[in-house]
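Working notes, structure below.
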Amino acid sequence: MIKAIIYFIILAVIYGVLYYFNHKTPKPEGCENLRSSCEGCNITSCMAHPNNDRLFKEENKNA
Amino acid sequence: MKKTLSLVLFLGIISALSGLCIGYVNGITEPLIAANELASEKQNLELMYPGKEFITIDYTGDDENILGIYEVSGEAYIVKVQGYGYSSTPIVALIGFDTEGTISNLIILSNQETNGYGSRCFEEEFINTAYIGKAMDEDVDMVSGATLTSTAMQNMIAAARNAVSALY
Amino acid sequence: MGEILTMALAAVLINNVVLSKFLGVCPFLGVSKNSKSAVGMGLAVIFVIFGASLITYFLYYQVLVKMHIEYMQLITFILVIAAFVQFVEMFIKKYSASLYKNLGIYLPLITTNCVVLYVAQDNITQGYNLIETMTNAIAVPLGFMLVLYLFSCIRERLDSADTPESFKGNPIALVVAGLMALAFSGLTGIV
Amino acid sequence: MWNNFKNGFIKENPVFGLYLGMCSTLALSTSLNNAIGMGLCVTLVLICSNVLISLIRKITPDEVRIPVYIVIIATLVSIVEMFVHAFMPELYTSLGVFLSLIVVNCIILGRAEAFASKNGPLASAVDGLGMGLGYTFALTMISLVREFLANMSITFYNPFNAEQILFSFGIEALEPFKISLFSSSVGAFLTFACFAALFAVIRKHMNKKQEAK
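Chains as they are written, first to last, in this note's numbering: chain A, 35 to 97; chain B, -14 to 153; chain C, 18 to 208; chain D, 489 to 701.
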């Protein structure tokens, strides 16, 4: 049980750190405004969703 | 740095709680799952030899298609075996052998063979004449028009015979 | 060798993930508007599945089984996949702008693509060894890419077709997918 | 709140309207039992994840939001999977890999992001219930059509005990006209397409009525 918990914490933290650093890494030049052409689902909060102009701009402002 | 640390800490606490929950639930359900699996296997064995005691025998060979072997208290062996016919989902069968190694019983647990073609190999009448009662060295019958399924059945029976012959 | 080839062929054509197992239908409908993005998505999926399958394979047999915590399988796999996608995205952001331009936008979509998790789980439940795992991890997403590409080519033409009003968009695309599934089911039995 | 709940069914039905969670909808609509079992599992996970995420929404750091959601959802799915395996072994076998694929079902992460992270726990629970039942409803509709056309009969057994049949309906006269195509993947795609088109018509009709008001 203890092993499971420790193992899981390590795994989750690795993921969290990778996620955090990935989002801190700036996008390369010329790629700031890439849009995928995904229209599969209507999750309006998904960054890849093309209708999502507002969120996309915010993301770029932070970067 | 301090911020990164607090993020890590938050995620760590959440995942520790999650790990605790999963471990706890697993503790409750694991014995139940094991009991269920044994019970459903027993149910199938009961179909072949009603009211008998069954002992699980460890299979030591390296044939991947042999899924398990059971002994029916001194009078027969049952081999659980799988094989691939027309479909990519395997046919799974239980084959019972009496003390002489003659096929005394055979049931198909699951198959996805084509209805009307391959499935003819699994009709009760066909099983009774083609497979049951065949001795160790006798060939089993084929169904014309269902070559792949018949061959799979032949292979499964051969594999089961192989596994059982080591026990006599 | 023959067995491996048969296995690969079966995974690409007969048990195609999209058409017979219904996995990855969301990106299948979403990223198939033009054939260029279909290829981009397909390549990104192949890469992620291959990497994630290898990592989960080793993690399962070397860590989970040895520590007797197999019940953590699902949660391990999803975290490994998510972390791997983040890592790959960060890596190509830093070192290859041109690659990022072509594949980067599809990467975030892949975390929630069920094909990745399915392949990782399938490798374990089928009891594949390392070589079979690698074959499976290439063949399955290859089948995904093949169908995605064919589908996008059909859809490019579908735009100019005269479709009933209510069937416009996704419904007619699903009808096309159904017909493709019918065509692919004709291949059953070749291996 | 009632409107939120109602929206989940027709106007914003997660399956026919938003095209979310299609993989499991297509695969598990072969029989009524699978449909209802899967629908209820998804609803359960959706409600729990919505409530949990909404409870911690104020203390969750924005930067690691998504990882936290994924950890929570994966934990819930693991727990549900273990319970189903233990108490409903029949359902577990027929749902197969799709039970664990609830983790990557877009509905759950989508609702967490779009709704639960911005609203209180009660509203989130209602939203989860509405969306979950909308999903179950869609799955049930498709499965009724498919199971009937493929077998010319519909059976529903007790998920806790597979031998106990709760409900069974069949038309014997139609027995020779079974269309087994509908139990295969082709039937799944075609049935889904027809339902999606039907819902598009209904939605359009509703919008028109609203405008007229």
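Virtual Cβ for every residue (Gly too), placed ideally from N, Cα, C.
| query | result |
| --- | --- |
| For the stretch 194 to 207 of chain C, which residues have a beta carbon sitting closer than 8 Å to at least one beta carbon of chain B? | Thr205 and Gly206 |
| Check whether the Cβ of Ile560(D) lies closer than 8 Å to any Cβ atom in chain A. | no |
| Using a Cβ-Cβ cutoff of less than 7 Å, which residues in the same chain neighbour Met18(C) once the five nearest sequence positions on both sides are dropped? | none |
| In its own chain, which residues sit with a C-beta less than 7 Å from the C-beta of Lys27(B), not counting the 5 before and 5 after it? | Phe39 |
| Taking the Cβ atom as the reference point for each residue, do Leu165(C) and Gly59(C) lie within a distance shorter than 8 Å? | yes |
| Excluding the 5 residues preceding and the 5 following Val157(C) in the sequence, name in chain order all residues of the same chain whose CB lies nearer than 6 Å to its CB. | Ala28, Val34 and Val136 |
| Quick check: what's the CA-CA separation for Phe586(D) versus Ser512(D)? | 6 Å |
| Using a beta-carbon distance cut-off of less than 7 Å, what residues from the stretch 0 to 21 of chain B approach chain D? | Ser0, Ser3, Cys6, Ile7, Val10, Asn11, Thr14, Leu17, Ile18 and Asn21 |
| How many whole angstroms separate the CB atoms of Val97(C) and Leu124(C), which I take to be in contact at a CB cut-off of 8 Å? | That belief does not hold up - the Cβ atoms of Val97(C) and Leu124(C) are roughly 15 Å apart, past 8 Å. |
| Please report the straight-line C-alpha distance between Asn94(A) and Pro44(C), rounded to a whole angstrom. | Confidence in Asn94(A) is poor, its pLDDT being 49 and thus under 50, which makes the residue's placement unreliable; the coordinate value appears in the next sentence. Going by the C-alpha atoms only, they are around 24 Å apart. |
| How close, in whole Å, do the beta carbons of Ile596(D) and Val533(D) come, if the pair is a contact with beta carbons under 8 Å? | 6 Å |
| With 16 other CB atoms within 10 Å as the buried threshold, where does Gly203(C) fall? | exposed |
| When we look at the beta-carbon of Tyr212(C) and count the other beta-carbons within 10 Å, is it buried (16 or more) or exposed? | This structure cannot settle anything about residue 212(C), because the visible part of chain C is limited to 18 through 208. |
| Excluding sequence positions up to five away, which residues of its chain have a Cβ less than 6 Å from the Cβ of Asn96(A)? | Any reading at Asn96(A) must be qualified, since the residue scores a pLDDT of 47, below 50, and its modelled position is unreliable; the value itself is stated next. So no residue of the chain qualifies. |
| Return the CA-CA distance between Ser49(C) and Leu(-8)(B), expressed in angstroms with no decimal places. | 38 Å |
| Who pairs with Asn90(B) in a beta bridge, going by DSSP? | Gly81(B) |
| In angstroms with no decimal places, state the Cα-to-Cα distance between Leu52(B) and Gly59(B). | 21 Å |
| Run the CB neighbour count on Asp43(B), radius 10 Å, all protein chains shown included, and call it buried at 16 or more, exposed below. | exposed |
| Output, in chain order, the set of chain B residues within a Cβ distance shorter than 8 Å of Val556(D). | Phe(-5), Leu(-4) and Ile(-1) |
| Find the nearest neighbour of Ile630(D) within the set Phe687(D), Ile547(D) and Lys696(D), judged by alpha-carbon distance. | Phe687(D) |
| Excluding the five sequence neighbours on either side, which residues of its own chain have a C-beta within less than 7 Å of the C-beta of Gln698(D), listed in chain order? | none |
| Which class does Lys37(A) belong to by DSSP, given the choice of helix, strand or coil? | helix |
| Can you list, in chain order, the residues of the stretch 45 to 56 of chain A whose Cβ is nearer than 8 Å to any Cβ on chain C? | Leu45, Ala46, Ile48, Tyr49, Leu52, Tyr53, Phe55 and Asn56 |
| What residues from chain D crowd round Gly41(C), counting only those whose CB sits closer than 9 Å? | Cys511 |
| Show which residues of chain A have a CB atom less than 8 Å away from the CB atom of Leu152(B). | None at all; the shortest Cβ gap to chain A is about 39 Å. |
| Against chain B, with Cβ distances strictly below 8 Å, would Tyr88(C) count as a contact? | yes |
| Whose CA, out of Leu589(D), Thr518(D), Val556(D) and Cys682(D), lies closest to the CA of Ser3(B)? | Val556(D) |
| With distance defined between alpha-carbon atoms, name the residue in Met570(D), Ser605(D), Tyr645(D) and Ser519(D) nearest to Asn639(D). | Ser519(D) |
| If you reduce the DSSP assignment to three classes, tell me which class Phe64(C) lands in. | helix |
| Report all residues from its chain with a CB closer than 7 Å to the CB of Ile653(D); omit the five preceding and five following residues, and keep chain order. | Thr643 and Tyr645 |
| Per DSSP, Gln67(B) is paired with what? | Val77(B) |
| What do you reckon, are the CB atoms on Thr531(D) and Leu617(D) nearer than 8 Å? | yes |
| Verify whether the separation of the beta carbon atoms of Ile117(B) and Asn90(B) is less than 8 Å. | yes |
| Between which two residues does the alpha helix (DSSP H) containing Tyr117(C) stretch? | Ala114 to Leu120 |
| At a CB-CB cut-off below 7 Å, which residues of chain D make contact with Leu32(B)? | Residues of chain D passing the Cβ test: none, with the nearest at roughly 14 Å. |
| Helix, strand or coil for Val559(D), going by three-state DSSP, please let me know. | helix |
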